[in-house]
Amino acid sequence: MPINYEATSLRDCLCASLTTSDVGKKITVCGWVAKRREHGEHLAFVDVRDRSGVIQAVVDGSVDVRNEYVVRVTGTVTLRPEGTVNEKLVTGEVELTDCVVEILSAAEPPPFQLDDRVEIDEQIRLRHRFLDIRREQMQKNLRLRAAVNSALRLAMQRQGFCEVETPLLWAPTPEGAREFVVPSRLHPGEFYVLPQSPQIAKQLLMVGGFDRYYQIARCLRDEDLRADRQFEFTQLDIEASFVDQIDIMEFVSQAVLDAAEAATGVRPKDFDAMTWREAQDRYGSDKPDLRFAMTLQDLSEFFVGTQVKAFSAPTIKAIRIEGGATYTRSRLDQLTDLAKELGAKGLAWFKISHEGLESPLDRFLSPAEREAISSVDGAKPGDLVLIVADEYALACKVLGALRVHVGSPPVSDGPHRYVWVTEFPMFEGIDEDGNLMAAHHPFTMPHPDDIELLETDPLAVRSQAYDLVLNGWELGSGSVRIHRGDIQSRVFRALGITNEEAENRFGFLLGAFKYGAPPHAGFAFGIDRLTAIFAGEENIREVIAFPKTQSGADLMTGAPKSIPDRQRKELHLPAPTKAK
RNA sequence: GGACCUGUGGUGCAGCCUGGAGUGCACGCCGCCCUGUCAAGGCGGAGGUCGCGGGUUCAAAUCCCGUCAGGUCCGCCA
-15 MPINYEATSL RDCLCASLTT SDVGKKITVC GWVAKRREHG EHLAFVDVRD RSGVIQAVVD
45 GSVDVRNEYV VRVTGTVTLR PEGTVNEKLV TGEVELTDCV VEILSAAEPP PFQLDDRVEI
105 DEQIRLRHRF LDIRREQMQK NLRLRAAVNS ALRLAMQRQG FCEVETPLLW APTPEGAREF
165 VVPSRLHPGE FYVLPQSPQI AKQLLMVGGF DRYYQIARCL RDEDLRADRQ FEFTQLDIEA
225 SFVDQIDIME FVSQAVLDAA EAATGVRPKD FDAMTWREAQ DRYGSDKPDL RFAMTLQDLS
285 EFFVGTQVKA FSAPTIKAIR IEGGATYTRS RLDQLTDLAK ELGAKGLAWF KISHEGLESP
345 LDRFLSPAER EAISSVDGAK PGDLVLIVAD EYALACKVLG ALRVHVGSPP VSDGPHRYVW
405 VTEFPMFEGI DEDGNLMAAH HPFTMPHPDD IELLETDPLA VRSQAYDLVL NGWELGSGSV
465 RIHRGDIQSR VFRALGITNE EAENRFGFLL GAFKYGAPPH AGFAFGIDRL TAIFAGEENI
525 REVIAFPKTQ SGADLMTGAP KSIPDRQRKE LHLPAPTKAK
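The opening position of the first sequence corresponds to residue -15 in the numbering used here, with each subsequent residue numbered one higher.
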């Protein structure tokens, strides 16, 4: 007989644990009234629900319990009479009879129905989140998340990693994402910030000899919210010493494979991998969704010296949309608008038919160009070819976005396709001061073959940074870190960071590295996103107990809110200029 | 900072394009009836600032402008 951990002072077991083998036992359960069905003065059925499910209690009609009342029911487990078995319920063969019903807590009718019969507006759900999470779907999602967390912890422990907690109150390091700021009471005019990630802390742990660190860490970034982004999110944060990129990828893979198996019951096969350059080239993205093909084709060579003005650009990229020849003019205009929003000058489209190409641009094409377009990606009559001509990066970006827009299946559809994207560039773009910006972060180790380009051609330098991507979502990223002062100085110089600035911003880290820094590397990935995909949810709010809206509000608590003057003065904060 | 979508009894919708009495459907809620239901059933009832403000009009849920809230996206997210 297994130990019944669910028995407490108030109950004997969970509602849905009762089976035919319990028949005859006198049992007490606790839960919420899911439904009451009345049949006259002396008969009513009350479904009692707890986290396990429901059990039907047969009570006298005088028992006054309504939906969502919290009750404690003591009754005898009885086989249901012939013909009244409910096969839709796991407990459908039994019921509780001769019941004593104790009302532990009465309840007003809830503001929305909790039975999943209709989809409730998210605004209403978030305002009453404590009720929303009583619903089966949210119970399932949050328990799935707990299973993922648990599997991740076990996987890291099995691989010899030590869980270390790092501070939430940290020092401002002006770099990267906008930080949440916490005013200091004891130090007037000075501030802590909440960490965007434990990046620097974990590198210090490496110096400190914790050669395998992990943490399920909360990260906070004051940036605009999205379906896959909240102010605060949770990462499995990893760092290890005396390792290379390949070791980290293996550690992470083991953790994710375990989590996937715990969540879905199926252990995925090993992950795909491609370089950042390949991802750009074929998918127009650094987070390629491998669930569908529709890859980007390069037609540049066919349009060298073209007469078509729209195609006189360094790069000509195309995608083929199977069956897209049926697209209406307004749908094509929509796609063109999308392309322009993303920075393209325009979008060229070609419908493939048995007679040839149908397009406003067709009459300007040379026969060779027409032939090139007609055979893009194995095109056949009925297909549609979309072409963007621009600088390489922009052409890839725009077509990559169109590819996802047109072809991406819902999150809950299809297989889980994991892919490592490696060899990210060290630098991308230029900031307002004309300095290069770090693609990952300034402590990322350059690719060994490219170090000599730091001074001569920095934009061509690849880094030892890598991302893990699942179904088009960036799960997380990591890198081999710089542990040598000379290389770090050269990278800072390339970034336009002076010695003085570096000392000011990261002095404590650079100082620590002088006392014996092991080679180290790490990774961090988002548990919210991973769990959302496992749950088949398009939106990470569905796997977060108390999320915020897109404008950063908590509809339940009303946060953010003003604080009393006394509290504000204590924190040495000036009066707000605008009352809210 | 920008684009688009949404806002109608407690909940989910329809009504809006083409202005004419808060009209309809489903769920929930309240009361009564009902001894085997399980999305129980039957009868009756209550419940509305059509997000808010302004404009056009004889007349606005409906058309126009603004605004607020929610959502999706761009920018942003080292």
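We treat Cβ as the ideally placed atom computed from N, Cα and C, and that holds for glycine. Fair warning: this is a prediction, and the values are worked out from it, not measured in the lab.
Among the options, nearest to residue i - alpha-carbon criterion
i      : options                        : result
Asp34  : Arg(-5), His26, Arg64, Pro65   : Arg(-5)
Pro93  : Arg113, Arg50, Thr62           : Arg50
Phe255 : Pro179, Gly193, Ala244         : Ala244
Ile336 : Thr290, Val369, Asp195         : Val369
Phe235 : Met540, Lys324, Met140         : Met140
Gly249 : Lys545, Phe194, Ala131, Glu554 : Ala131
Gly418 : Ala478, Ser463, Val445, Leu557 : Ala478
Ile108 : Pro548, Glu79, Asp549, Leu539  : Leu539
Asp208 : Phe145, Pro426, Gln534         : Gln534
Ala352 : Trp333, Phe287, Ile11          : Phe287
Residue i to residue j span [Cα, whole Å]
i      : j      : result
Tyr198 : Lys381 : 34 angstroms
Val47  : Ser1   : 24 angstroms
Pro393 : Leu136 : 27 angstroms
Val32  : Val69  : 17 angstroms
Met429 : Arg213 : 27 angstroms
Ala563 : Ala90  : At Ala563, the pLDDT of 43 sits below 50, so the modelled position is not reliable; the number obtained from the coordinates is stated separately. Ala563 and Ala90: Cα-Cα distance of roughly 39 angstroms.
Val240 : Ser36  : 27 angstroms
Glu216 : Pro179 : 10 angstroms
Leu115 : Leu98  : 8 angstroms
Ser225 : Gly192 : 11 angstroms
Asp206 : Ser350 : 52 angstroms
Thr290 : Ile371 : 14 angstroms
Ala559 : Arg552 : 8 angstroms
Ser447 : Asp470 : 16 angstroms
Ala247 : Val227 : 29 angstroms
Ala496 : Pro544 : 38 angstroms
Gly542 : Pro531 : 12 angstroms
Test item: CB-CB of residue i and residue j under 8 angstroms
i      : j      : result
Ile357 : Leu341 : yes
Gln219 : Ala508 : yes
Val292 : Leu345 : yes
Arg129 : Val395 : no
Val177 : Asp273 : no
Val148 : Ala263 : no
Ser284 : Ile300 : yes
Gln281 : Ala294 : no
Phe411 : Pro442 : yes
Val13  : Ile39  : yes
Leu438 : Arg465 : no
Lys271 : Asp397 : no
Ile232 : Ile222 : yes
Arg304 : Met278 : yes
Glu436 : Thr259 : no
Leu386 : Gly480 : no
Ala501 : His467 : yes
Thr81  : Thr62  : yes
Arg566 : Asn455 : Only positions -15 to 564 of the chain appear in this structure, which leaves residue 566 out of reach.
Ala18  : Glu79  : no
Residues of its chain near residue i, where Cβ-Cβ distance is below 8 angstroms and the 5 sequence neighbours each way are ignored
i      : result
Phe175 : Pro156, Val165, Val166, Pro167, Ser168
Asn523 : Ala211, Asp212, Ala516
Gly310 : Per the sequence shown, the amino acid found at residue 310 is Thr instead of Gly. Within the same chain, Thr310 has close Cβ partners Gly366.
Asn133 : Ile200, Ile511
Leu567 : In the structure as shown, the chain starts at -15 and stops at 564, and residue 567 therefore has no counterpart that could be examined.
Identified DSSP bridge partners for residue i
i      : result
Asp34  : Gly37
Gly506 : Glu223, Ser463
Asp409 : First, the residue type needs correcting, since residue 409 is Pro and not Asp in the sequence shown. According to DSSP, Pro409 bridges with Arg446.
Met258 : Val405
Gly59  : Ile11
Tyr176 : Val166
Gly340 : Ser337
Cβ neighbours of residue i in the same chain (closer than 6 angstroms, five flanking residues each side left out)
i        : result
Pro95    : His112
Glu(-10) : Cys(-3), Leu(-2)
Gly15    : Cys(-1), Val32, Arg33, Asp34
Ile184   : Leu493
Thr482   : none
Beta-carbon proximity list for residue i, same chain, < 7 angstroms, skipping 5 on both sides
i      : result
Trp457 : Asp212, Lys271, Arg513, Ile517
Pro182 : Thr150, Gln199, Ala201, Asp221
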